[in-house]
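A.B. asks: Chains A and B are the protein sequences, given in the same order.
All letters in the first sequence, in the order written, are residues 133 to 528 by the working numbering.
All letters in the second sequence, in the order written, are residues 444 to 795 by the working numbering.
The C-beta atom is built at its ideal place from N, Cα and C for all residues, glycine as well.
What follows is a single structure, and I will ask about it in a moment.
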Amino acid sequence: MSVTEESKATEATPDDDILLNVEGVKVHFPIKRGVIFDKTIGYVYAVDGVDLQIRRGETYGLVGESGCGKSTLGRAILNLEPPTDGHVIFDGVDIASLKGEDLRRKRQDLQMVFQDPLSSLDPRQSVESILVEGMKAHGIAKDAKEARPRLRELLAAVGLPPQALSKYPHEFSGGQRQRIGIARALSVNPKLIVADEPVSALDVSVQAQVINLLGDLQEEFGLTYIIIAHDLAVVRHISDRIGVMYLGSLVEEAAAADLYTTPLHPYTKALLSAVPIPDPDIEDEREQILLTGDLPSPSNPPSGCRFHTRCPWRQETRCDDERPALRVVEIDGFPSGHRVACHFAEQIHRGEIEPHKVEPIAVDPSSFEVPEDHGTMMAEPPGVNTASGGDPARGL
Amino acid sequence: MTTTTTERRAAVRETAPLLSVRDLTVTFQRHGEEPFRAVDGVSFDVRPGETVGLVGESGCGKSVTSLAIMRLLPKRGNKVTGTVNFEGTDLLSLSDAKMRDRRGRDIAMVFQDPLSSLNPVVPLGVQVAEVLERHRGMSRKAAMPVAAELLKRVGIPDPVRRLRDYPHQLSGGMRQRALIAIAVACAPRLLIADEPTTALDVTIQAQILALLKELVEDTGTALIMITHDLGVVAGLCDEVNVLYGGRIVERGDRHPLFRDPRHPYTNGLLASIPRLDAAGERLTPIPGSVADNLPWDHACAFAPRCSQPIEICTQVTPQLEVADGRALRCHNPVTSGWSGPSAGQTEGDVAR
């Protein structure tokens, strides 16, 4: 994917507009076993070759189900999890190759907002001390006194009262704690913020407050976001572009609106059709693509297309043994920014290939332990219930 | 299709309720602390074959309600008052032994976290057979084939082999299916599902919801669905109860409720969730958090977060008023249905 990433025809982007360039990143975790000597008996292929570009000032959403590697990819981008292979080029510097002091300095530009605001804030530090710590480390302020005016600004920006400075994390509600986490990320003037499930621990009424806040801050400080989430509605709401991950690799990438109106990859189609919509009229009409079984084990991924074991559109040729590359798909009048990793995306879209019932495949339970919460066997479904040739995303 | 559902719905409305909860109140009492009412005078009916939703955010009392109905709350430190009438018997006044006979046979429950609800050191088959042994008086030998049949019914592949598996050998979705198999083993007339899909991924959630729907349609089991996800409710429930601060604030059949939410809280919830089928307009959050609630005994608990409070809201407790199959607890209801994002204020961006 060395070709310049094109957005919609109207806004072609020069190369220097790309803030982050992820090239062939892989993160493999060794599985070790042994009493005295640890022997590596296999790998969990958490992230297995991802290419993506993120432009300055955009919000990139990364979605997928648990165990698909989206969080690991987010951590690999920040080098919190050193990639096994590949490059993460941020502003012209390959972060994956940085070490020690250089890496520490670079971290000023890349900050993270974590999922669980309580466990990511030190319970014994006051808000002031939490916020000042990063500023001191990066030489923005020498001590709390000097940082005071900036702290006030930060708190105002995230919508907390100035009195919050002397309080401790347990004194706040979940939504307020997440605001502190966001303020901490902002305190060092980062260019890129990776937010890993920033709202999934919050109640729905509070979720909206934080989502709006993220949007406002982006406008105010010109931030670039990578939002990692499993909630497709949230991701659609805040993202400019969205990448869908399945079993360690990107299967589809497109502008948010395009992805939702015309999903091309069978997995994306199924994922979108599974999201319940709070409107009974739509729910009554909607036809769902029920996927069969569970995610295969990332330590023993299927050959060829990773999705072929569950795909209702699987073909006899190619799908089983040839891994599809993420390629730009041109279907009459489609924006060229739409990338999809499916051999038959065009044919499926034109309705030339009909979905069929997925025959259950007896996969032997893998002998490896898998750190994810997923079992190691494939499951037989109660039958595939697909939209009969119609557009499964109808009503979306 | 819609006419048949309406007709079916009308027929269901006519039948006598299977479960009738009246004025259910659960008070947590701790030594040296103010008693806290987690559930405050909740009343609702469930008719045979009906799916009733209890919706609300964390802390609204929806799970405590279900635990009180099942008599699963610890005896110490809390007081349960009111009546839970199940086919003429008040469950709350039954002896413990009598209640044990009913639990799992007449009323069964599916919990949120399938891993912690299954015994990790007992094979799956034994856990399913146990219910049959206890309530049907079957021997282990006779119960095992039935257990396999049940696992097959809920869509677990290779059920005979799975009987010997332990819970950790199954995936999250499979565990939840196993839990449902245990719950429906004795063909209960009422099934209570407490956030059954919250721990699962969306594609697995869709499978489990389809399974529950199918079970309800095939067996005529009544279902109480407890969830925070309005999307799940929209597709599954016949009647929806919206809870706030331990009380029901609005009730209605799903179509009228979603089309025309009357309570500012229901309306606010619908306006604050991003929707998959709508473009990225600015959301209208509900300002503040549950910590701002007023006590129900002399005010409306929701008043400090309400988009349209009037003077009386902070002075008088609103009563639950029932009319045309809908119920509403509000002094100043939303009039013209969905107020849309523009009507609300964006004050919510400032945390209080």
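In chain A, which residues lie less than 8 angstroms from threonine 727 (chain B) when you measure between Cβ atoms?
C.D. replies: The contacting residues are Ala340.
A.B. asks: Going along the segment 299-327 of chain A in order, which residues come within less than 9 angstroms of chain B, judged by CB to CB distance?
C.D. replies: Per Cβ criterion, the list reads Phe304, Ser305, Gly306, Gly307, Gln308 and Arg311.
A.B. asks: For arginine 705 (chain B), which residues in chain A fall below 8 angstroms Cβ to Cβ?
C.D. replies: Correct list: empty, because the minimum Cβ distance to chain A is about 16 angstroms.
A.B. asks: Taking isoleucine 370 (chain A) as part of the alpha helix (DSSP H), name the residues at either end of that continuous run.
C.D. replies: That run of the alpha helix (DSSP H) goes 364-370.
A.B. asks: In angstroms, rounded to a whole number, what distance separates the CA positions of threonine 400 (chain A) and alanine 361 (chain A)?
C.D. replies: Threonine 400 (chain A) and alanine 361 (chain A): Cα-Cα distance of roughly 15 angstroms.
A.B. asks: Run through chain B and tell me which residues come within less than 8 angstroms of glutamine 420 (chain A), C-beta to C-beta.
C.D. replies: Simply Ala649 and Ala653.
A.B. asks: Assign serine 501 (chain B) to one of three DSSP states: helix, strand, or coil.
C.D. replies: Note: serine 501 (chain B) maps to coil in three-state DSSP.
A.B. asks: Taking only beta-carbon atoms, is aspartate 390 (chain A) less than 7 angstroms away from chain B?
C.D. replies: Chain B contact via Cβ: absent.
A.B. asks: Consider the Cβ of arginine 546 (chain B): report whether some Cβ of chain A lies at a distance smaller than 7 angstroms.
C.D. replies: Closer than 7 angstroms: no.
A.B. asks: Going by DSSP, what residue range makes up the beta strand (DSSP E) through lysine 158 (chain A)?
C.D. replies: Where lysine 158 (chain A) is concerned, the enclosing beta strand (DSSP E) stretches over 150-165.
A.B. asks: Would a C-beta distance cut-off of 7 angstroms place arginine 583 (chain B) and leucine 594 (chain B) closer than the cut-off?
C.D. replies: No, the Cβ-Cβ distance between arginine 583 (chain B) and leucine 594 (chain B) is not below 7 angstroms.
A.B. asks: In the segment 635-703 of chain B, which residue ranges form an unbroken alpha helix (DSSP H) of at least 4 residues, counting only runs that do not cross its ends?
C.D. replies: Complete alpha helix (DSSP H) runs here, min 4: 645-662, 673-679 and 697-702.
A.B. asks: What are the boundary residues of the alpha helix (DSSP H) that phenylalanine 554 (chain B) is part of?
C.D. replies: Counting along the chain, phenylalanine 554 (chain B) falls outside any alpha helix (DSSP H), and DSSP gives it neither H nor E.
A.B. asks: Would you call proline 513 (chain A) buried or exposed, if buried means 16 or more other Cβ atoms sit within 10 Å of its Cβ?
C.D. replies: At proline 513 (chain A), the pLDDT of 39 sits below 50, so the modelled position is not reliable; the number obtained from the coordinates is stated separately. So proline 513 (chain A) counts as buried.
A.B. asks: So, isoleucine 623 (chain B) versus valine 597 (chain B), is the Cβ gap smaller than 7 angstroms?
C.D. replies: Contact flag set, yes.
A.B. asks: Just how far apart, CA to CA, sit lysine 299 (chain A) and glutamine 247 (chain A)?
C.D. replies: Taking the straight line from one Cα to the other gives about 21 angstroms.
A.B. asks: Under 7 angstroms between C-beta atoms, does histidine 369 (chain A) make it to chain B?
C.D. replies: Yes, histidine 369 (chain A) counts as interfacial toward chain B.
A.B. asks: Between the beta-carbon of serine 371 (chain A) and the beta-carbon of aspartate 180 (chain A), is there less than 7 angstroms?
C.D. replies: Contact flag unset, no.
A.B. asks: What do you get for leucine 611 (chain B), buried or exposed, if any count of 16 or more other CB atoms within 10 angstroms of its CB means buried?
C.D. replies: Looking at the sequence itself, residue 611 (chain B) is histidine, so the reference to leucine does not match. Exposed, because fewer than 16 other Cβ atoms sit within 10 Å of the Cβ of histidine 611 (chain B).
A.B. asks: Can methionine 267 (chain A) and serine 198 (chain A) be called in contact, C-beta distance under 7 angstroms?
C.D. replies: The answer is no: Cβ separation not under 7 angstroms.
A.B. asks: Whose C-beta lies closer than 7 angstroms to the C-beta of glycine 291 (chain A) among residues of the same chain, with five residues either side of it excluded?
C.D. replies: Only Arg311 and Leu345 meet the Cβ criterion.
A.B. asks: How far does the alpha helix (DSSP H) with isoleucine 623 (chain B) in it extend, from its first residue to its last?
C.D. replies: Per DSSP, isoleucine 623 (chain B) belongs to the alpha helix (DSSP H) from 615-627.
A.B. asks: Determine the direct distance from the alpha carbon of valine 176 (chain A) to that of arginine 632 (chain B), and round the result to whole angstroms.
C.D. replies: Their Cα atoms are separated by approximately 45 angstroms.
A.B. asks: Using only CA atoms, which one of B:Gly496, B:Ile635, B:Val565 and B:Val495 lies nearest to aspartate 549 (chain B)?
C.D. replies: The candidate whose alpha carbon is nearest that of aspartate 549 (chain B) is B:Ile635.
A.B. asks: Of all Cβ atoms in chain B, is any one closer than 7 angstroms to the Cβ of serine 252 (chain A)?
C.D. replies: For serine 252 (chain A), the answer is no, since every Cβ of chain B falls outside 7 angstroms of its Cβ.
A.B. asks: Taking only the alpha-carbon atoms, compute the straight-line gap between methionine 513 (chain B) and leucine 655 (chain B) and give it to the nearest angstrom.
C.D. replies: One C-alpha to the other measures close to 20 angstroms.
A.B. asks: Going straight from the alpha carbon of arginine 165 (chain A) to that of threonine 172 (chain A), what length do you get?
C.D. replies: Cα-Cα distance, rounded: 6 angstroms.
A.B. asks: For threonine 494 (chain B), does the count of other Cβ atoms within 10 angstroms reach 16, so buried, or fall short, so exposed?
C.D. replies: Under this definition threonine 494 (chain B) is a buried residue.
A.B. asks: Hey, does proline 408 (chain A) have any beta-carbon neighbour from chain B nearer than 7 angstroms?
C.D. replies: Answer yes: the Cβ-Cβ gap between proline 408 (chain A) and chain B drops below 7 angstroms somewhere.
A.B. asks: Report all residues from its chain with a CB closer than 8 angstroms to the CB of proline 588 (chain B); omit the five preceding and five following residues, and keep chain order.
C.D. replies: Around proline 588 (chain B): no qualifying Cβ.
A.B. asks: Quick one: what's got a C-beta closer than 6 angstroms to valine 553 (chain B)'s C-beta in the same chain, skipping five residues either side?
C.D. replies: Once the five neighbours on either side are set aside, the close Cβ partners of valine 553 (chain B) are Leu622, Ile623, Ala626, Ala636 and Pro639.
A.B. asks: List the whole-angstrom C-beta distance separating proline 408 (chain A) from glycine 674 (chain B), where the pair is believed to meet the contact cut-off of C-beta under 8 angstroms.
C.D. replies: Yes, proline 408 (chain A) and glycine 674 (chain B) are in contact; Cβ-Cβ is about 3 angstroms, under 8 angstroms.
A.B. asks: Using a cut-off of 8 angstroms between C-beta atoms, extract the partners of alanine 387 (chain A) located in chain B.
C.D. replies: Those within 8 angstroms of alanine 387 (chain A) in chain B number zero; the least Cβ separation is about 12 angstroms.
A.B. asks: Taking DSSP as the reference, what is the three-state secondary structure of aspartate 411 (chain A)?
C.D. replies: The answer is coil: DSSP assigns aspartate 411 (chain A) none of H, G, I, E or B.
A.B. asks: Give me the Cα-Cα distance between glutamate 415 (chain A) and alanine 653 (chain B), rounded to the nearest whole angstrom.
C.D. replies: Straight-line Cα distance between these residues: approximately 12 angstroms.
A.B. asks: Which residues in chain A have a C-beta closer than 8 angstroms to the C-beta of glutamate 682 (chain B)? List them in chain order.
C.D. replies: The contacting residues do not exist; glutamate 682 (chain B) stays about 12 angstroms from chain A at best.
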